[in-house]
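A.B. asks: Protein chains in written order, with my numbering: chain A, 4 to 113; chain B, 309 to 1208.
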C-alpha cells in the first residue's frame, strides 16, 4: 500500500492527469488506464495516489467531477478539465519542455 | 476562489460525512469493478480478478484512508476525536480532574481578581466615548501663592481660569468643570427622610462634553449653568437604590441642604462620575449661592465658586481630535498664566510659577499614585501562587502519566506516532486548563467583589475584555507547560521495556524523581517568599492596630451634623448646646462632646499661632494642629488632663476665651512646665486666648502620625462656628445608640441627616485601610500557597513511598528498625525544605526590600517575619511527610516482598 512517488518525477502526476483529461472527460479508472497505455506501461498508478491527486485538483478548481452512467451501465464520476485547469496544463507543459530541454543539454554536454 | 472551494468541500466532508464517505466508497468501488472487468476480459475469474486488483493497488480501505487524510478537514476531525477522548479520560479519574481544576482555578482566579483591581485602579479608561481624548487638568507644582485652596492643590482652578481655557476651542472641543458639594457627602432629603449623598455641581457642558448617555430624561445645557437652574441629574445606581428605578423619579424634588432641585435625568448604567473612587450620586449645575458652596465651605459670599481667589474648580477637557497633549499645553500655557492672576492683584514675576499639565482619564484619579506599587507587588505575590499551583498540577500530571506509561507504550506498539501522543496529552491539558480557567473566572467574579468590599471602594472592579485577555494569556501558557512537561517522560520510555516489566517496578526512574524534588523544592522556596511577604505585611498591620492612640477609643460613636438652615453663630451655639443636652439624656449615652475635625478621618486644621504675642521662630515655626471642641472633650474621649481643666459648659461665646494644649505643645514652648496662664493667638491682646489646660497627646488625623503641638479651642468661642462632629460615649455597643440619635436629630430639624455615623474605632481603622487590605490579601495568598505546597509535597512523598514499598520491605527484612525507615522518608523532605530555604531566603530578602514602602514599623529584614516563614515552611514539610512516613514505617516486609 506504499505509493511510489519515485516512479514518477515529483509533481508530474497532476500534469499527467490534466493532460489525460484535456482530450475528453473521464473517470478515475479511465485516467489510470490511459496513463498506463500512453506511457506504454512505464507509469503504473495506484488508486490511493490517483484519487488523492484527483481530490486535490478538484479542490483547486482545475477539474470538475460529475456523476454519469458508465459504459457498462453503472454510475461513475467523470472528471472534466475546467478553464483554469486548461491554463495550468499549458503553463506546466511549457515549463516542463523548458526543463527537459535544459536537462538534456546538461546531460549531452558531458 | 480555490481557497473557498477547498474550504467548502472540506466543510462538506465534515458535516455531511456520511454522504461524502458514500460517494468516495462508490467511486472507489466503481474503480475496483472496472479494473476487475479488465482482468476478467483477459480470462480471469471474477474472484481472482478482484484479488489481483487489490494486490496491485492496495486495499479499498487503505486507499480511502489515504484520500481522506489528504484534506484539511481530517485534522479537525482528529482534533475533535482527541477532545472527546480526553474528556472521557478525565471523566474516568474525577478525583484527579477535580483537584487539578480547582488548583488551577485558585491560581487563575486569584490572578484575575488582583489584575481586575489593577485594571480598574490603574489601567481602565473612563467608560465614555473616545476616552483617550479626555484629560484631567493638573498643577503639579500647585497654584500661585496668595489664594485659598481646597487641599487638592494640584487639581483645583479658579473660575477665571476655567472661563479663559474653555474658550480655547482649537484645543478643547469641550472643557468641563466639576466642584464637589462637600468633602465627603452632602445633606439631601427626598420626601421625609434626610440622608447623605455625594453630589457635584458641574458646568452646563459636563454631560454633553463627556459623552454621557442617559437612561431617562436629559442632561444639562449651557443655559442651566448660566441661570444656575434648580435641576438635578441622578446616577443610575442612586436612581436604583433611592427610587427603585421608577420612571416617576423624573420631576420629583430633591432638597440639597434644604434647596429644592427637580430631577430631570438619570445617567446610563456604569457611569459613576469622573473620579470614581467613590461614586457620585447626583449632579446639579454650578450654583452661586452661599448654602451650596464648593466643598461644603462656610456659607459666606467669599466661598462662591466665582471668587477668583478661591481655587475650587476641577477640570476635565476633551481634546480636539488630532491635537497632541504637548501641542495643547503649549497653546494653553500663556492663556493660563494670564488668567491665573486675575483678581490676585499685582503679580510678582519672581514668585513661584505654576505649570499646567494633563493626566489621562485612566484608572482612578487620586488612587493611582497610592496603589501603583502595592498593586504590582500584590500581582507578583499572586503570580507566585499561580506558579505554585502550576507546579502542583504538572506534578499531578507527571504522576498520572507515569502510571499511564503502559497505556502509552501499548498505543505506540499498536502504531500511534509520537506526534499523535503529543497531541493527545496536549489536548488533555488544554481541557484541564479550560476547566480550571472557567472555575477561576467564577472565582474571580466573587473574588473581585470581596476585594472591592475590603478596599472600601464603592465601585465594582470590572471584569472587562482586558481582564479576560489576561486570564486567557496565563491559561494558555499554563496549558502549554502542562502539555509538554509530562509528555517528555512518557515518550522517552522505550516501548519494549515498559510492556515487559511489572507494574510495581515500571515506575522506577531516578531522573524523574530528582526532577520532582526540584519542583517541590522550588515550590517551597516560592512559598517561603510569600510567607515572608505576608509576615511583613501582617506585622505592619499589627503595628497600626496596636499604636497607642492617647484616648479610650472603644465605646465611642461619632457622627457629623450640618445645621445648614442656621446662619448666625448665636443660633448655632444654641443648637449645639441644645443637641448635647438632649443627647446626654438619651438612653445609653454616658457623655457627649463635639469636634470640628473628626479624629482619624485624615482631615485636620493646621496653622501657626503666636504664643504670648510672639510668632514662634525656627526651629519651632512648623505648623501646629488645632481642633474646635465641645464641653467635656477630654472626659468623653478619655484623654488624660495633665494640668489645669477640661472644656466645660461654661466656656460659652460670652465667656473669657480659653484654649487647651497638648503635652507636645507644652514641652516644646514651655519646657519648664508652666504653660497654664500663658496666652495664644495673633494680633491684639484682647483677642488672645488663655491656656487653661494641658492634656495628653492623642492621635488626630491618622494613627501613624507623629504628635504635633496641638491646640483645642472651645467651639462656641470661634467665629464663625463650624459644622461639628458629635462624639458619644457609651458603655454598650456604640452602634446601638443610632436610633435614639436619629430621633433626637429629627426632633430638632427634620432636614438634618446623620453624617457618616461610625464607631471611633472604625474611623481610626480607615486611616490604614490600605495596609489592612494588603495584609488580608497576603494572608489569603499565604494560606493558599501553604495548602498547595502541602498537598504537592504530600503527593510526591506518598508516591515515592508507594514506589519504594518493596525496597523498604527488603530493608526491614534485613533488620532495619522502624525509626530508621521513618528517618529515610523524613530525611528526604527535610533535605528538600533545606534546599528550598537556601534558595528562597536570598530572594525573599531582595523581595522584601521592594516592599519597603508598604511596611510600617517593620524593617524589610525583620527577623521575626523570616523566622516565622521558615518555621511555617518546616511545619508544612513535616505535616506533609508525616502520613507517608507512617505508612512507610508500617510496611509489612512479607506483604511487600510478595508483590515482586
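Glycine included, C-beta positions come from ideal geometry on N, C-alpha and C.
Measuring only between beta-carbons, confirm whether residue 32 of chain A sits less than 8 Å from chain B.
C.D. replies: Yes, because at least one Cβ of chain B sits closer than 8 Å to the Cβ of residue 32 of chain A.
A.B. asks: Alpha carbon to alpha carbon, what distance is there between residue 703 of chain B and residue 506 of chain B?
C.D. replies: Approximately 53 Å between the Cα atoms of the pair.
A.B. asks: Can you tell which of B:722, B:780, B:761 has its C-alpha closest to the C-alpha of residue 744 of chain B?
C.D. replies: Answer by Cα proximity: B:780.
A.B. asks: So, are the CB atoms of residue 644 of chain B and residue 444 of chain B less than 8 Å apart?
C.D. replies: It is not a contact, given that the beta carbons lie outside the stated cut-off.
A.B. asks: Between the segment 1119–1132 of chain B and the segment 719–728 of chain B, do at least 3 Cβ pairs fall closer than 8 Å?
C.D. replies: No contact exists between the segment 1119–1132 of chain B and the segment 719–728 of chain B.
A.B. asks: Which of the three DSSP states is assigned to residue 914 of chain B in this structure?
C.D. replies: Here residue 914 of chain B sits in strand by DSSP.
A.B. asks: Look at the alpha carbon of residue 399 of chain B and the alpha carbon of residue 405 of chain B, and state the distance between them as a whole number of angstroms.
C.D. replies: C-alpha separation (whole angstroms): 7 Å.
A.B. asks: Where residue 543 of chain B and residue 552 of chain B are concerned, what is the direct C-alpha to C-alpha distance, given to the nearest angstrom?
C.D. replies: So the two alpha carbons sit approximately 12 Å from each other.
A.B. asks: Please report how far the alpha carbon of residue 1111 of chain B lies from the alpha carbon of residue 1170 of chain B, in whole angstroms.
C.D. replies: Those two C-alpha atoms are separated by around 42 Å.
A.B. asks: Considering only the alpha carbon of each residue, which of B:740, B:763, B:834, B:899 lies closest to residue 790 of chain B?
C.D. replies: Of the candidates B:740, B:763, B:834, B:899, the one whose C-alpha sits nearest the C-alpha of residue 790 of chain B is B:740.
A.B. asks: For the ligand GDP, is there a heavy atom less than 7 Å away from the beta-carbon of residue 979 of chain B?
C.D. replies: By its list of ligands, the structure shown contains no ligand whatsoever, and the ligand GDP lies outside what it can speak to.
A.B. asks: Could you tell me whether the segment 1065–1084 of chain B touches the segment 907–922 of chain B, where touching means 3 or more Cβ pairs closer than 8 Å?
C.D. replies: Contact between the segment 1065–1084 of chain B and the segment 907–922 of chain B is present, because at least three Cβ pairs lie under 8 Å.
A.B. asks: Nearest to residue 940 of chain B by CA position, among B:949, B:932, B:698, is which residue?
C.D. replies: Taking only the C-alpha atoms, the option nearest residue 940 of chain B is B:949.
A.B. asks: Can you check DSSP and say which residues form a bridge with residue 569 of chain B?
C.D. replies: Bridge partners of residue 569 of chain B: B:562.
A.B. asks: Would you mind stating whether residue 420 of chain B and residue 973 of chain B have Cβ atoms separated by less than 8 Å?
C.D. replies: Result no, Cβ atoms of residue 420 of chain B and residue 973 of chain B do not sit closer than 8 Å.
A.B. asks: Can you check which of these residues, B:1116, B:1182, B:1175, is closest to residue 1204 of chain B by C-alpha distance?
C.D. replies: Minimum Cα distance to residue 1204 of chain B is reached at B:1116.
A.B. asks: Given residue 436 of chain B, which residues of its chain have a CB within under 6 Å of its CB, disregarding the five upstream and five downstream residues?
C.D. replies: So the list reads 518, 519, once near-sequence residues are dropped.
A.B. asks: Answer with yes or no whether the minimum CB distance from residue 44 of chain A to chain B is below 8 Å.
C.D. replies: Chain B, which has no Cβ nearer than 8 Å to the Cβ of residue 44 of chain A, makes this no.
A.B. asks: Report the option in B:984, B:1154, B:1201, B:460 whose CA atom is closest to the CA atom of residue 1125 of chain B.
C.D. replies: Minimum Cα distance to residue 1125 of chain B is reached at B:1201.
A.B. asks: When the cut-off is 8 Å and only beta carbons count, does residue 75 of chain A lie next to chain B?
C.D. replies: Closer than 8 Å: yes.
A.B. asks: In chain A, which residues lie with their C-beta within 9 Å of the C-beta of residue 348 of chain B?
C.D. replies: Result: empty, since nearest Cβ-Cβ is about 11 Å, beyond 9 Å.
A.B. asks: Please state the DSSP three-state secondary structure of residue 689 of chain B.
C.D. replies: The answer is helix: DSSP assigns residue 689 of chain B an H, G or I state.
A.B. asks: Would you say residue 80 of chain A lies against chain B (beta-carbon separation less than 8 Å)?
C.D. replies: By this cut-off, residue 80 of chain A is an interface position.
A.B. asks: If I follow the unbroken beta strand (DSSP E) through residue 1025 of chain B, where does it start and stop?
C.D. replies: Counting along the chain, residue 1025 of chain B falls outside any beta strand (DSSP E), and DSSP gives it neither H nor E.
A.B. asks: From the beta carbon of residue 50 of chain A, is the nearest beta carbon of chain B less than 8 Å away?
C.D. replies: Yes - at least one Cβ of chain B is within 8 Å of the one on residue 50 of chain A.
A.B. asks: Between residue 448 of chain B and residue 464 of chain B, what straight-line distance do the alpha-carbon atoms span, to the nearest angstrom?
C.D. replies: Straight-line Cα distance between these residues: approximately 11 Å.
A.B. asks: Counting only beta-carbon separations shorter than 8 Å, does residue 375 of chain B have a partner in chain A?
C.D. replies: Yes, its Cβ sits closer than 8 Å to a Cβ of chain A.
A.B. asks: Can you tell me whether residue 109 of chain A is buried or exposed, with buried defined as 16 or more other CB within 10 angstroms of its CB?
C.D. replies: The residue is exposed, with fewer than 16 neighbouring Cβ atoms inside 10 Å.
A.B. asks: By alpha-carbon positions, which one of A:73, A:71, A:61 ends up nearest to residue 85 of chain A?
C.D. replies: Nearest option by C-alpha distance: A:61.
A.B. asks: Excluding the five sequence neighbours on either side, which residues of its own chain have a C-beta within less than 8 Å of the C-beta of residue 899 of chain B, listed in chain order?
C.D. replies: If we look at residue 899 of chain B and ignore the five residues flanking it on each side, its Cβ neighbours are 892, 940, 943, 944, 1036, 1037.
A.B. asks: Starting from the Cα of residue 403 of chain B, find the closest Cα among B:622, B:853, B:828, B:701 and give me that residue.
C.D. replies: The candidate whose alpha carbon is nearest that of residue 403 of chain B is B:701.
A.B. asks: According to DSSP, is residue 909 of chain B part of a helix, a strand, or is it coil?
C.D. replies: Looking at residue 909 of chain B - three-state DSSP - the assignment turns out to be coil, as it is neither helix nor strand.
A.B. asks: Under the rule that 16 or more other beta-carbon atoms within 10 Å means buried, what is residue 488 of chain B, buried or exposed?
C.D. replies: Classification for residue 488 of chain B: buried.
A.B. asks: With 8 Å as the threshold, decide whether the Cβ of residue 55 of chain A is near any Cβ in chain B.
C.D. replies: At least one chain B Cβ lies under 8 Å of residue 55 of chain A.
A.B. asks: Is the CB of residue 62 of chain A under 8 Å away from at least one CB in chain B?
C.D. replies: Yes, residue 62 of chain A counts as interfacial toward chain B.
A.B. asks: What number of angstroms, rounded off, separates the C-alpha of residue 401 of chain B from the C-alpha of residue 323 of chain B?
C.D. replies: Cα to Cα, residue 401 of chain B sits roughly 32 Å from residue 323 of chain B.
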